[in-house]
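Worksheet: one structure, shown below.
Chains as they are written, first to last, in the numbering used here: chain A, 2 to 180; chain B, 265 to 507.
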């Protein structure tokens, strides 16, 4: 066990689709668990991160907690990977950057269809939203990028095996797409 | 009879005629040089710079540089591909290119050329510019978030449709595509769905309405084959053109 590669994963401002795609490597998961051991990850529900070889980030950075988690990952992981469109370029959540944060909150909580108690939530436990959604490379140094919404299981498998075997990272044409 | 003039494109000998650009001769010889603003039906524009090559050691755009006898052109070295990737990354961060939310995705030449150069990240800091969508026309929508200022619609509307519906206004980073109508709206222009200008956009900026997902994602022009093999999106029929 001690020789296994330690991997941590987190979903920031994403939809968990990229994590679903990790699970989508299907029976190769058996091969993967021979090679790696999961540290903090939604897959095992471990909440704190220890020293890791590889950190995988899904989602962009939209609030103060996302910034904190991302910086923790950078600090604890030798190699940090942006997984999927939102981590790579902000993705769909970054479409809110076309509006002010105030406009977004008012649309959702004041003027939204079906809102019957208009009130912008301000509980101190809710992480503060940033004025814009950012791709993760705008906050910390990122070592590898895997685009796609989500990247396919095959793409993730190609990448992880090449990375673990210390080979140059390259993909068959059909495995890279931005959508 | 005068001797055939040729130049070297990487290691291949390419014949050319007087007046040919590097791009003209390469296209005729079936050699791919990545490009976005170039379309052989229109006067070269040289604005996207993606066709950058090194000709006798100087960086030039292949679509505007005249071919010269015995010229040595580097089209495929890592150094040239790095430059193209950087140019594409700048195009991506300057606009709002949200591929998962774009109905042109998979049949978009910006995407396809980025795939060709192995672009995996935008690298630069995003501008997230505030731009609008004009859906005032019954048959055509224009999303300015995706415009890369290639001016193909400007050239097609002026030179083929003879309507002059599109122009570029402003300079440098403030340059933007505008509609020549009294209100500035597409719906108040003479544009029709059959106009050439509607069928030359290499990205998802000008889109015919009501058919965005007729062809599903995964079965589109560049989903299985690279742009170097299938060519420009504008050269394919309308079904392919719009996914």
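A virtual CB, placed ideally from N, CA and C, is assigned to each residue, including glycine.
Keep in mind the model is a prediction, meaning the values are calculated, not measured.
Residue 30 of chain A lies in the alpha helix (DSSP H); which residues open and close that run?
-> Stepping through the first chain from its first residue, residue 30 of chain A is reached at position 29. Taken as a continuous stretch (DSSP letters only), the alpha helix (DSSP H) holding residue 30 of chain A covers 29-36.
Cβ-based contacts, 7 Å cut-off: residues of the region 372-400 of chain B near chain A = 375, 379, 384, 385, 386, 389, 390, 392, 394
Tell me, please, whether the CB atom of residue 2 of chain A is closer than 8 Å to any CB atom in chain B?
-> As a position in the first chain, residue 2 of chain A is number 1, starting the count at 1. Any reading at residue 2 of chain A needs caution, since the residue's pLDDT is 47, under 50, leaving its predicted position unreliable; the model's value is listed next. No, no contact with chain B.
Residues of chain B with a CB under 9 Å from the CB of residue 89 of chain A: which are they?
-> Residue 89 of chain A sits at position 88 when you count from the first residue of the first chain. Simply 384, 385, 386.
Along chain B, which residues have their Cβ under 7 Å away from the Cβ of residue 138 of chain A?
-> Residue mapping note: residue 138 of chain A aligns to position 137 of the first chain, counting from 1. Residues of chain B passing the Cβ test: 385.
Listed by chain order, chain A residues near residue 365 of chain B by CB distance under 8 Å | Taking the first residue of the second chain as 1, we reach residue 365 of chain B at position 101. Correct list: 93, 96.
At which residues does the beta strand (DSSP E) containing residue 390 of chain B begin and terminate?
-> Start at 1 with the first residue of the second chain, and residue 390 of chain B comes out as number 126. Per DSSP, residue 390 of chain B belongs to no beta strand (DSSP E) and is neither H nor E.
Go through the region 392-476 of chain B residue by residue and report every complete run of the beta strand (DSSP E) that reaches 3 residues or more, in order.
-> 404-407, 430-433, 440-443, 470-472
Could you spell out where the alpha helix (DSSP H) holding residue 347 of chain B opens and where it closes?
-> For the purposes of this step, residue 347 of chain B is taken as residue 83 along the second chain, with counting starting at 1. Per DSSP, residue 347 of chain B belongs to the alpha helix (DSSP H) from 342-358.
What residues from chain B crowd round residue 150 of chain A, counting only those whose CB sits closer than 8 Å?
-> Looking up residue 150 of chain A in the first chain gives position 149. In chain order: 363, 364.
Reducing DSSP to helix, strand and coil, say where residue 269 of chain B ends up.
-> For the purposes of this step, residue 269 of chain B is identified with residue 5 of the second chain, where counting begins at 1. In this structure, residue 269 of chain B counts as strand in the three-state DSSP scheme.
Burial state of residue 459 of chain B, where buried means 16 or more other Cβ atoms lie within 10 Å = Locating residue 459 of chain B in the second chain gives position 195, counting from the first residue. Flag for residue 459 of chain B reads buried.
Among A/128, A/127, A/131, A/138, nearest to residue 389 of chain B - alpha-carbon criterion | Here residue 389 of chain B is taken as the residue at index 125 of the second chain, counted from 1. Considering only alpha carbons, the answer is A/138.
Starting from residue 292 of chain B, follow the alpha helix (DSSP H) in both directions and report where the run begins and ends.
-> Looking up residue 292 of chain B in the second chain gives position 28. It spans 286-292 - the alpha helix (DSSP H) in which residue 292 of chain B sits, taken as one unbroken run.
Excluding five sequence neighbours on each side, which residues of the same chain lie with their C-beta closer than 7 Å to the C-beta of residue 327 of chain B?
-> Numbered from its first residue, the second chain carries residue 327 of chain B at position 63. So the qualifying residues of the chain are 285, 287, 299, 302, 308, 310, 315.
Relative to chain B, which residues along the region 8-41 of chain A have a C-beta separation below 9 Å, given in chain order?
-> none
Do residue 6 of chain A and residue 231 of chain A come within 8 Å of each other at the CB atom, strictly closer than that value?
-> Nothing about residue 231 of chain A can be read from this structure; chain A reaches only from 2 to 180.
What did DSSP end up calling residue 61 of chain A once you bin it into helix, strand or coil?
-> The residue given as residue 61 of chain A occupies position 60 in the first chain. Three-state DSSP puts residue 61 of chain A in a strand.
Is DSSP giving residue 295 of chain B helix, strand or coil here?
-> Within the second chain, numbered from 1, the residue matching residue 295 of chain B stands at position 31. Note: residue 295 of chain B maps to coil in three-state DSSP.
Residue nearest to residue 64 of chain A in terms of C-alpha spacing, selected from A/178, A/107, A/73, A/13 | As a position in the first chain, residue 64 of chain A is number 63, starting the count at 1. Per the Cα distances, A/13.
How many whole angstroms separate the CB atoms of residue 353 of chain B and residue 386 of chain B, which I take to be in contact at a CB cut-off of 8 Å?
-> Residue numbering aside, residue 353 of chain B sits at position 89 when the second chain is read from its first letter. Residue numbering aside, residue 386 of chain B sits at position 122 when the second chain is read from its first letter. Correct: roughly 5 Å between the Cβ atoms.
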